[in-house]
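Asker: Structure in structure tokens, see below.
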Amino acid sequence: MTATTTARQDAGRAADGPLVLVEGVGRTYGSGHAAVHALQDVSLQVAPGEMVALVGRSGSGKTTLLNTIGGLDRPDTGRVVVAGREVSSLDERGLVSLRRDVVAFVFQTFGLVPVLTAAENVGVPLRMLRTPVAQREARVELLLDLVGLGAHAKQRPGQLSGGQQQRVAIARALANSPRLLIADEPTGQLDSETGRAVMALIRAVVEAEGMTAIVSTHDPVMVALADRVVHLADGRLVDA
Amino acid sequence: MRWRSRVLRGRLREQGSVVAMVTAVAVAATTLVGLLAGLLHLAETQGAPAALSRLSPDDVRIEATVWVQGEDTGLVLDKARAGLAEITGDVPTGETTWQVGSLRALPGTDTGTGEAPHLTYLSAFSVTDDVARLVTGRWPERAADESGAIEVNVPEIAARELGWQVGARVETRPWDGEEYAAFVVVGTHEAVGAGTAWTRDRLNGRGTEPYPWPGSLGFRSTVLWGPLVADPSALDGPGLVDTAYLMIEPRPADASSEALREMRQEVRNAQATLSESLDPEADGRVRTEIDRALDAITREVVVMRAGVITIGLLLATLATTVMLLAARLLAERRAAENELLAARGASPAHLRSVVVLEALTLAALTFLASPWLARAALERLTGSGDLSAAGYLVGPGLPAPVLLTCAVMAGVLAVALCVPSWHTEGSTSATAHAGLLRAGGDLSLLALGGLAMGQLIAYGSPLTGGPGGVGVDVVLVTGPALVTLAAATVALRLVTPLGRLADVVAARARSFVVPLAAWQVSRRPSIATGTVLVVVVAVASGTFSAAFLSTWRTSQIEQVDLAIGTDVRVDGLDDEPAAAAVAVTAAAGPDGHAQPVVHRSVGIGPRGNIGGVTAQLVALDASRPQDVRGRSGSTPEALLAGLVEAQPATGTGAELPPDTQWVVATGVLGTTPATGGDGMVDVTVEGPTGLLVRSEQRTVPLGEPFEVALEVPAGGALRVVAIGVTLAPRDLPPLDPQDPLGPLVRTLEAELSVTRLGAVPRSAGISNPYVAADAASTPVTLSAVGWSGALRQPPRVAQIEVRGGVTAEPGDGALVVVGTMHGDGGGMELATLLARTWEASGAVPAVVGRAVTDDLAMRPGQDLTLNLGGTRVDAEVARFADEVPGSPRRGSILVDQLTLARAAIEAGGPSVSPDTWWVAAPDDAAAGVSAALAGTGAQTRTRVELRQEALTGPVRVAVPATMSLVSGAAALLVLVGVGAVAAAAVRARRLELARLQAVGASRPGLMGGIVAESTMLVVLGAVVGLLAGYGLAAVVAPLLTMSPDGRTPVPDPVLVWGWAAQTTRGAAVVAGACVVVAVVVALGVRRTSGAALRMGDER
């Protein structure tokens, strides 16, 4: 039984409920007087196929919430369930499985491996799944075409613009057909025009791939493209 | 300043582990180099004195022989003392004297014989256990007793023979005067170790022997007894002493090097200094070996220095490389931080000052810690093992060379930490290094290394000779280090193509781990620099050091084995050869085997033409190759094959009863036609060791019966193996015009008929041959079976052609030897007839050393003549050999001892006395041989001791210690270096690793990728390092392997390189490095987190 098959079964089991369930999550950094309450009693549900925009001022806890959902951070209180898996209690192997099969990240700083070409970067998640070479190359080509970078497959990140790099990052995020796309200010380092294009791309691929997306952003364009907007202020949900 | 210290404190707080790691690496590297400097310093300052302290008194003694010439002995000795003090200068010395008194007659010993009275003499010397043994009474304690009689201690043999009891009074007078003096015997003694200190004695410690009467030119003889040992004060005053020996024994180990240098200079003019100081009262001669001993140690120090520096430079290179890698780890981080600080307004000067402050702080820490750690390591290193046995001792405080070396290393660290911050924006040390490579720096290094190696090969040694003596060529000793670095740069050039190859493979792979490694290697080759560099240098250094150590050790052992030739060598036995054979055989014990060996300089040349070429003759028992030592793995059987083929088994001839002293031969010697005149008869006996001893000749009349007694040595079971006669016809036979050979030919037939052999035992106490001839003797069975004859012309008429033949046949219980000579008559005078128990062997087969063939163009089968002190022996070149056991340095000839001895006797010469004795004995029994011969005056050298000395002598022991140190340190440093590089790589890629985890990479997968990447680089480095180490070892190790005195070793050193062991060593380095990388990566690659992902783009 492959990991992909397992993911599909997980997704099937969660089909009736929300893809993402956040219940009473709290996260505090430090202790005593220096304690910073990044998240306080946050509860949130995201339905499959939904695109949620997470907005809030800098330091409001957006990234912490996204990292908690994606298994990059662990909540001090509450629980996070993604595609039927309780993320907050997964061990290392479970988290690796989660990231390979269910969740994909798009970072503000793109997060590409600088020594790899665009195609190689996109192929990284497929290599982790030991996808056959021909299948991997076809998938990479498809994804790069999808993000409009078919002609830049052999270029390294340093040879691409910021927008192009972010599109490569999106293509990489889509490589293993995740159920949930987590994008942390994906347009934060892009100019507004490029940012809009990237946002439009995310919206398009979410719809095309039928995935769920949680996107933290300040960008009103992104907010406008989202199915739902969630506000965070001082680690609390203002409205949901 | 406050801002700078705040920044520093902050960095220390936040990055304490990194700073600590860099400091630790720097301290470790500096400590190792400091340790090496300390070892060299100890070898220079303590090895040489230790070697000096081990010199025997014979090596350092400056001995003045002063002919007092009737002057006051005390005055002359004072002058000699002053002269020698000028020579020794500030070197502490000890002093002994040996005074030999004038000859005095012993009145009464001439009574009734008409012969000259016996003689005696006084002596005064320091009596020690190794010189004389008190038998009875005491030693003199004052000049004379109350009655005015001089107190003397007399030889035991004199007391026994002359009836001198303790308390006896002996009247003496000068041999040429009438002033009587009385001596009183207070004790008796026996000489110990005759032949050493006793060489100063008139009788060499023998106590008595026949002696020519003074002034008679040998026409009148008497007997000399002595010495009569007296108190030195008894010899004060003029006219009492003939010869005084003043022995100054410098203690070089207690002298400053400056004082030793001055003494060495003064020794050059020692004779002139002594003569000047004695003039005009007396004459003197100075003799010393101290100049040679000091020069030998000086050369040994230089040889040691060359070896230690050459190997040490490799360690220094490796240590510096590792330290610089660690420094780069910190410097690159600082460079990145500085850019950030610069963006926030910090000026370049501010930033640089912080970098300098931090660099100086770390350098200071390194400098403060390393010397003490190096000292502690040195103390531990010298606390046991060979260095401890050699007398190395770490004194209080820090040796200056250690401090200096650590200061230099700390300075290098400081510079390495500062340099990256001086780079222009966008530049890093990695790109600077890449630039250096592009600029051809590596090629320059390669050229420099090649040049140094070429010179080293051309010169054949890293030593230079000059007017100031032998020295170390600083350029040549850097050759191996330069070549190692060059090999490392070549390896760096291989990283990219190797990476590309891996990249191609990675592209077709499904997995992620191996491709991750391949991508890093192929696309970030600069990151590979550190790993490859350190591994190449470490493996090359380690394997080279190990191979050099093996080569050096093997060569030293082979040099010793070849030089000594056997297990134990016994020289200086003063006994008669047969008695010496008994002593050595007894000392050899049941597990050993002793054999006499002739080892002397002889003249050689083509047959009949001696010429002026000399060679070292080594004659040993060629039937016992198992007793011969030489090059490891060599086969003495092959070397000795054929030398003994013509030699029949020993044990033939007439067996003498045990304890035989005289062989009484009865018979007739005659000639046809009768010529009148004499013949001189002798016998040759063979001892159990195969030693032939020819007796003195006794004159018998030609044409008349004779009965002569011939003295044979004491030597256990002896057999008469030859009976010879040298003819001295008074008249030559007439010319025979009818002789078929021609009208000017004379024919002479000589016949020796021995009708009886008798043996007179030693217990009969007969010392006179004429008395022995008349004494009752035990008949000796003499069968003619197995005997044959020989007729040889003596050397002085070698040009005269003599033809003839000899037969030996029984007749009425007699052995008859008949020889017929034809010639012009000259060769008939002093011709030798010989009946012997061996067949004529023809020319003596000889193995000829290559050095001899350089002087004389030779070919196998060529006839030679050996001149053994006037006896010319025919020899034939059997084959050539590179070197001859026992005599490796000189042009040498190797023959079978018994074959040579028989040939010499056939040639009419005296028996060939052995010059040395070889004893083959198990290693654990060798010391027993020396112990058994203690007190006999013999100098024994055992192969075991010489090997030990060659490997662990106080000076040279530093060389193997350094090689072992480098070999071990290389393994340690490669682990430290690779670990530091891995830590830097993990740190530099931490964000990338976190992102890869975020997209699904597992932590074990990432760790595997980094370990795989390091493994590729380590394997590449190990392979190149192994090849470089082999190349270096093959070229350099034999060149750096020298004899202790700095000469090319004999035999030639051969590289000892075990591919299996060296490959295992390389594999161990790879495995160890991979383990270290795995540990470092496991500690460095953490579970990814949001915090890690927020760190921003890596640099």
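If you're matching them up, the sequences are chains A and B in order. The opening position of the first sequence corresponds to residue 1 in UniProt numbering, with each subsequent residue numbered one higher. The opening position of the second sequence corresponds to residue 1 in UniProt numbering, with each subsequent residue numbered one higher. Glycine included, each C-beta is placed from N, C-alpha and C at the ideal position. Predicted, not measured: the structure shown is a model, and the values here were computed from it.
1) Can you tell which of A:Leu-129, A:Met-128 and A:Leu-112 has its C-alpha closest to the C-alpha of A:Asn-121?
2) Determine the contact status of residue 1119 of chain B and B:Ala-925, defining contact as a CB-CB distance below 8 Å.
3) So for residue 1102 of chain B, helix, strand or coil by DSSP?
4) Taking a contact to mean a Cβ-Cβ separation below 8 Å, would you say B:Glu-266 touches B:Gly-89 in this structure?
5) Between the C-alpha atoms of B:Ala-776 and B:Val-760, what's the straight-line distance to the nearest angstrom?
6) Specify the secondary structure class of B:Met-409 as computed by DSSP and reduced to three states.
7) Can you pull the chain A residues whose beta carbon is under 7 Å from the beta carbon of B:Ser-1002, in chain order?
8) Please state whether DSSP places B:Ala-808 in a helix, a strand or coil.
9) Classify B:Asn-204 as helix, strand or coil using the three-state DSSP reduction.
10) If we count the other Cβ atoms within 10 Å of its Cβ and call it buried at 16 or more, is B:Lys-79 buried or exposed?
11) Along chain B, which residues have their Cβ under 8 Å away from the Cβ of A:Val-106?
12) Jot down the residue ranges of each uninterrupted alpha helix (DSSP H) in the region 898–938 of chain B, minimum 4 residues, whole runs only, in chain order.
13) Hey, could you find the ends of the alpha helix (DSSP H) B:Trp-662 is sitting in?
14) Would the region 45–61 of chain B and the region 389–401 of chain B be scored as touching if the rule is three or more Cβ pairs under 8 Å?
15) Check whether the region 134–147 of chain A and the region 1011–1025 of chain B are in contact - that is, three or more C-beta pairs closer than 8 Å.
16) For A:Ile-214, does the three-state DSSP call read helix, strand or coil?
17) Closest to B:Leu-84 by C-alpha separation, out of B:Ser-277, B:Ala-158, B:Thr-73 and B:Arg-142, would be which residue?
18) Could you list which residues in chain A have their beta carbon closer than 7 Å to that of B:Arg-990, in chain order?
19) Could you give the residue range of the alpha helix (DSSP H) that holds B:Tyr-1030?
20) Go through the region 11–51 of chain B residue by residue and report every complete run of the alpha helix (DSSP H) that reaches 4 residues or more, in order.
21) Report all residues from its chain with a CB closer than 7 Å to the CB of A:Pro-18; omit the five preceding and five following residues, and keep chain order.
22) Rounded to the nearest angstrom, what separates B:Pro-57 and B:Asp-295 at their Cα positions?
23) Taking the beta strand (DSSP E) that B:Pro-155 falls in, what are its first and last residues?
24) Can you have a look at B:Tyr-121 and say buried or exposed, based on whether 16 or more other CB atoms are within 10 angstroms of its CB?
25) Quick one: what's got a C-beta closer than 7 Å to B:Gly-34's C-beta in the same chain, skipping five residues either side?
26) List the residues that DSSP assigns as beta-bridge partners of B:Asn-867.
27) Quick one: does B:Leu-1006 have its CB under 8 Å from some CB of chain A?
28) Would you please verify whether the beta carbon of B:Ser-1014 is less than 8 Å from any beta carbon of chain A?
29) Heavy atom of the ligand MG less than 7 Å from the Cβ of B:Thr-820, yes or no?
30) What's the gap between the Cα of B:Ile-800 and the Cα of B:Ala-594?
31) Leaving out five residues on either side along the sequence, give the residues of the same chain with a beta carbon under 8 Å from the beta carbon of residue 1101 of chain B.
32) Rounded to whole angstroms, what is the Cα-Cα separation between B:Gly-928 and B:Arg-631?
33) To the nearest angstrom, how far is it from the Cα of B:Asp-1097 to the Cα of A:Thr-109?
34) Examine chain A for any beta-carbon lying closer than 8 Å to the beta-carbon of B:Pro-515, and answer yes or no.
35) If contact means a Cβ-Cβ distance below 8 Å, which residues of the region 20–46 of chain A contact chain B?
36) Using the C-alpha atoms, what's the distance from B:Thr-672 back to B:His-822?
Answerer: Quick answer:
1) On the first sequence, position 121 is the one that residue 121 of chain A refers to. Closest by alpha carbon: A:Leu-112.
2) Missing from the structure shown is residue 1119 of chain B; chain B here goes from 1 to 1099 and no further.
3) Because chain B here runs from 1 to 1099, residue 1102 of chain B falls outside it and cannot be looked at.
4) Taking the second sequence and counting its residues from 1, the one referred to as residue 266 of chain B is at position 266. Taking the second sequence and counting its residues from 1, the one referred to as residue 89 of chain B is at position 89. Cβ atoms of B:Glu-266 and B:Gly-89: closer than 8 Å.
5) Counting from one through the second sequence, the residue named residue 776 of chain B turns up at place 776. Counting from one through the second sequence, the residue named residue 760 of chain B turns up at place 760. Spanning the two alpha carbons is a distance of roughly 7 Å.
6) Counting from one through the second sequence, the residue named residue 409 of chain B turns up at place 409. Here B:Met-409 carries a helix assignment [DSSP, helix/strand/coil].
7) Within the second sequence, numbered from 1, the residue matching residue 1002 of chain B stands at position 1002. What B:Ser-1002 touches in chain A, judged by beta-carbon distance under 7 Å, is Val-96, going in chain order.
8) Translated into positions along the second sequence, residue 808 of chain B becomes position 808. Note on B:Ala-808: pLDDT 47, under 50, position unreliable in the model; the coordinate value appears next. Here B:Ala-808 sits in strand by DSSP.
9) Against the second sequence, residue 204 of chain B aligns to sequence position 204. Correct three-state label for B:Asn-204: coil.
10) Residue 79 of chain B sits at position 79 when you count from the first residue of the second sequence. So B:Lys-79 ends up on the buried side.
11) Looking up residue 106 of chain A in the first sequence gives position 106. Residues of chain B with a Cβ closer than 8 Å to the Cβ of A:Val-106 do not exist, since the nearest Cβ in that chain sits about 10 Å away.
12) The region 898–938 of chain B is shown to contain whole alpha helix (DSSP H) runs of 4 or more residues at 923–932, in chain order.
13) Translated into the one-based positions of the second sequence, residue 662 of chain B becomes position 662. For B:Trp-662, there is no enclosing alpha helix (DSSP H); the enclosing beta strand (DSSP E) covers residues 660–672.
14) Contact holds between the region 45–61 of chain B and the region 389–401 of chain B, because three or more Cβ pairs, one in each stretch, are under 8 Å apart.
15) No: the two stretches stay apart, fewer than three of their Cβ pairs being nearer than 8 Å.
16) Taking the first sequence and counting its residues from 1, the one referred to as residue 214 of chain A is at position 214. The three-state reading of DSSP puts A:Ile-214 in strand, counting E and B together.
17) Within the second sequence, numbered from 1, the residue matching residue 84 of chain B stands at position 84. It is B:Ser-277 whose Cα lies nearest to the Cα of B:Leu-84.
18) On the second sequence, residue 990 of chain B is found 990 positions in, with the first residue counted as 1. Those do not exist, as B:Arg-990 stays about 13 Å from chain A at its closest Cβ, beyond 7 Å.
19) To locate residue 1030 of chain B, count along the second sequence from 1; it is residue 1030. Boundaries of the alpha helix (DSSP H) around B:Tyr-1030: 1003–1040.
20) Every alpha helix (DSSP H) of 4 residues or more that sits fully in the region 11–51 of chain B is shown, in chain order, as 16–42.
21) Translated into the one-based positions of the first sequence, residue 18 of chain A becomes position 18. So the list reads Gln-45, Val-46 and Ala-47, once near-sequence residues are dropped.
22) Translated into the one-based positions of the second sequence, residue 57 of chain B becomes position 57. Translated into the one-based positions of the second sequence, residue 295 of chain B becomes position 295. The straight-line gap from Cα to Cα measures roughly 16 Å.
23) Against the second sequence, residue 155 of chain B aligns to sequence position 155. Element bounds for B:Pro-155: 150–155.
24) Along the second sequence, read from residue 1 onward, the residue named residue 121 of chain B stands at position 121. Buried is the call here.
25) Working through the second sequence from its first residue, we reach residue 34 of chain B at position 34. Excluding positions up to five away in sequence, the list reads Ser-370, Pro-371, Ala-374, Val-402, Thr-405 and Cys-406.
26) As a position in the second sequence, residue 867 of chain B is number 867, starting the count at 1. DSSP, once it has assigned bridges, lists B:Gly-603 and B:Arg-872 as partnering B:Asn-867.
27) Sequence index remark: in the second sequence, residue 1006 of chain B carries index 1006 (1-based). B:Leu-1006 does not count as touching chain A.
28) Numbered from 1 along the second sequence, position 1014 holds the residue referred to as residue 1014 of chain B. Interface annotation, B:Ser-1014: not in contact with chain A, CB-CB separation never under 8 Å.
29) The model depicted lacks the ligand MG and carries no ligand whatsoever.
30) The count along the second sequence starts at 1 and reaches residue 800 of chain B at position 800. The count along the second sequence starts at 1 and reaches residue 594 of chain B at position 594. Confidence in B:Ile-800 is poor, its pLDDT being 31 and thus under 50, which makes the residue's placement unreliable; the coordinate value appears in the next sentence. Taken atom to atom, the span from the alpha-carbon of B:Ile-800 to that of B:Ala-594 is near 41 Å.
31) An answer regarding residue 1101 of chain B cannot be provided, because it is not within the stretch 1 to 1099 covered by chain B.
32) Within the second sequence, numbered from 1, the residue matching residue 928 of chain B stands at position 928. Within the second sequence, numbered from 1, the residue matching residue 631 of chain B stands at position 631. Spanning the two alpha carbons is a distance of roughly 25 Å.
33) On the second sequence, residue 1097 of chain B is found 1097 positions in, with the first residue counted as 1. On the first sequence, residue 109 of chain A is found 109 positions in, with the first residue counted as 1. Only weak support is given to the placement of B:Asp-1097: the predicted model assigns it a pLDDT of 40, under 50, and the question is left unresolved by the model.
34) As a working mapping, residue 515 of chain B is identified with position 515 in the second sequence. Answer yes: the Cβ-Cβ gap between B:Pro-515 and chain A drops below 8 Å somewhere.
35) The region 20–46 of chain A vs chain B, Cβ under 8 Å: nothing.
36) Start at 1 with the first residue of the second sequence, and residue 822 of chain B comes out as number 822. Start at 1 with the first residue of the second sequence, and residue 672 of chain B comes out as number 672. So the two alpha carbons sit approximately 12 Å from each other.
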